[in-house]
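Numbering (the working numbering), first residue to last: 1015 to 1357.
All C-beta atoms in this analysis are idealised placements derived from N, C-alpha and C, irrespective of residue type, glycine included.
Worksheet for the structure shown next.
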Amino acid sequence: MKKKKKHFIFALTITLNSILLIAQEAPMYLIDSIYTADPSVHVFNNKIFIYPSHDIKTEGVSAAEGGHYNMKDYHVFSMENIKSNVTNHGVALKLEDIPWASKQLWAPDCEYRNGMYYFYFPAKDKNGIFKIGVAISEKPEGPFKPEKHPIHGSYSIDPNVFKDKDGKYYLYFGGISGGQLQRYSDNVLLDYENEPIEENALSPKIALLDESMIAFAEAPKDAIIIDENGMPLMGKDHDRRFFEGVWMHTYNEKYYLSYSTGNTHNLCYAIGDNPYGPFTYAGVLLSPVNGWTTHHSIVQIDGKWYLFYHDTQNSNVNYLREVKVRELKYNLDGTIIKMEGKD
Ligand code: FUB
């Protein structure tokens, strides 16, 4: 009798897992005209807009500090709906038009305010220091006109602009290693590397944007990620600590801060009660993809949630990535159902 019950539970588990697998639609590549990565996605004017990095072949460029991610322009893409064709709107911004930048146009983002679209992007300045710039357009697809200087007080990489329900706009940013976040303390560039080995992990930064959208209204603060006991994650906790690629979204009034763990290649998330956190670590949402980097955005479109991300499954080259999309689902308790990066 006991044996039968065990078999029944086993069969039920298998069936539930199969149902779950069937329910998850296969991920879909979106863009085949050029290599793209780091997709930040927004719905503007009932259309889906994708703001990715534009990967290019960089043989011969040193890989040290991510030097082989040596991108020179941005393209913007749009879709009428999640199943429709993708339109490549062409070059929206290029390196040679940005007065302060010298190289490496990394992961961007874009937001709308008062009739204008603000495109945020990291690039190295003429001294090889990453800063975050803004470029502006009347249209979501650009072309975007860059400001003469980067945002005063900005540094590091991977900007994510977030509009809260009260109408305030925040910029999250930061990335360690090649993204240079470890070179700062209290928002000041150090003359040494601040490696978080035994100490608390470095946090992504958050700063309120002022009404102009091209300046911080406050000094950047730490968006701290804590564990289940309320303690900040440690720097040596490579499976869970923040590395780069932060993205903020809200679900059921909670603030979900998701990010890449870099050298352990997870996409993780942590949940808080307000944009500043602290955020309690909640788990892995995507296991490692093919390729070193993993970078994403989470967006609600027509009532469903989607994960946009990239991998190198086709090229097998770390710096030649392709953007994909798949549906993302939540459990009843608000946790995200984990997805497998290698599918
Ligand atoms: O695309 C260049 C860099 O690689 C991004 O800024 C990081 O997030 C990583 O995806």
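Going by beta carbon distance, what residues of the same chain come within less than 7 Å of residue i, once the five residues before and after it are set aside?
i: A1296; result: Y1283, A1284, I1285, T1349
i: N1288; result: Y1269
i: N1266; result: G1348
i: S1032; result: Low confidence applies here, because S1032 scores a pLDDT of 44, under 50, leaving its location unreliable; read the following figure in that light. Counting only Cβ-Cβ distances below 7 Å, and skipping sequence neighbours, we find nothing.
i: H1252; result: T1275, N1277, T1278
i: E1207; result: Q1196, R1197
i: N1345; result: I1351
Does the beta-carbon of residue i, which I'm using as the reference point, lie nearer than 7 Å to any heavy atom of the ligand GDP?
i: S1272; result: In the structure on display, the ligand GDP does not appear, and the ligands it does have are the ligand FUB.
The beta strand (DSSP E) spanning residue i covers which residue range?
i: F1336; result: Position check: residue 1336 holds Glu in this sequence, whereas Phe was assumed. Segment 1336 to 1342, the beta strand (DSSP E) holding E1336.
i: F1091; result: 1087 to 1093
i: A1077; result: Where A1077 is concerned, there is no enclosing beta strand (DSSP E), given that its DSSP letter is neither H nor E.
i: L1271; result: 1268 to 1274
Give me the DSSP bridge partner(s) of residue i.
i: V1260; result: Beta-bridge pairing links V1260 to no other residue.
i: K1177; result: Y1183
i: L1300; result: L1281, M1353
i: L1216; result: Answer by DSSP bridge pairing: none, since L1216 is not bridged.
i: D1236; result: K1219
i: S1067; result: A1051
i: W1319; result: Q1314, L1342
i: L1203; result: Y1198
i: P1292; result: In the DSSP output, where bridge partners are listed per residue, P1292 has none listed.
i: H1324; result: V1337
i: G1286; result: Y1269
i: Y1083; result: Its beta-bridge partners do not exist; DSSP assigns none.
i: I1062; result: V1057, M1093
Skipping 5 residues on each side, what residues in its chain have a beta carbon closer than 6 Å to that of residue i?
i: A1077; result: none
i: L1300; result: L1281, M1353, G1355
i: K1138; result: S1116, K1117, Q1118, F1144
i: W1114; result: D1139, H1163, P1164
i: V1238; result: According to the sequence shown, residue 1238 is Ile rather than Val. Excluding positions up to five away in sequence, the list reads S1217, P1246, G1291, P1292.
i: Y1043; result: E1336, K1338
i: L1185; result: P1173, V1175, A1221, L1223
i: V983; result: The structure shown does not extend to residue 983, since the chain is modelled only from 1015 through 1357, so no value can be given for it.
Tell me which same chain residues have a C-beta within less than 8 Å of the C-beta of residue i, skipping the five on either side of it?
i: I1045; result: I1064, P1066, F1091, V1100, N1102, E1336, V1337
i: E1242; result: T1294, Y1295
i: Y1183; result: E1125, R1127, V1175, F1176, K1177, L1222, L1223, M1227
Length-filtered (3 minimum) beta strand (DSSP E) runs lying within the segment 1086 to 1170: You should have 1087 to 1093, 1100 to 1108, 1115 to 1117, 1123 to 1127, 1130 to 1139, 1144 to 1151.
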